[in-house]
Amino acid sequence: MNNPTHHQIATYLTNYALSELVKYVIEDTGCSIEQAMMNVYSSPLMNALQDEESELYVQSPAYLYELMNSQLLRK
3 MNNPTHHQIA TYLTNYALSE LVKYVIEDTG CSIEQAMMNV YSSPLMNALQ DEESELYVQS
63 PAYLYELMNS QLLRK
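So, in structure tokens, the structure goes:
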């Protein structure tokens, strides 16, 4: 059995964080899943989260959600 690569781990954790962020948006706003996905994927956090060098993907989804909300307030 091969060990996962750094990229595979980063991709898995990023995808997990994104799915949790969408859930948090739905819970907090009551919006549709489509709108929640638009909010998450269009947020300033998205680019930073996808940058593997930032290693932001290792943070908890709850922390990332707070970070996303604070960035949205600065728009």
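Heads up, our numbering is the position in the sequence shown plus 2, with the first residue counted as 1.
Every residue, glycine too, gets a C-beta built ideally from N, C-alpha and C.
Note that the structure is a prediction, hence the values are computed from the model and not measured.
Check whether the segment 47-59 and the segment 31-38 touch, using three or more Cβ-Cβ pairs below 8 Å as the test.
Counting Cβ pairs under 8 Å, fewer than three are found: no touch.
If you draw a straight line from the C-alpha of Tyr43 to the C-alpha of Asn49, how long is it?
The alpha-carbon atoms of Tyr43 and Asn49 are separated by roughly 9 Å.
Which value, in whole angstroms, describes the spacing of the CA atoms of Asp53 and Val27?
Approximately 22 Å between the Cα atoms of the pair.
Taking buried to mean at least 16 other C-beta atoms within 10 Å of its own C-beta, is Ala64 buried or exposed?
That one is exposed.
8 Å is my cut-off, CB to CB: does Asp53 come that close to chain C?
In the displayed structure, chain C is absent; only one protein chain is listed.
Just verifying my parser: in three-state terms, what is the DSSP assignment at Asp30?
Correct three-state label for Asp30: helix.
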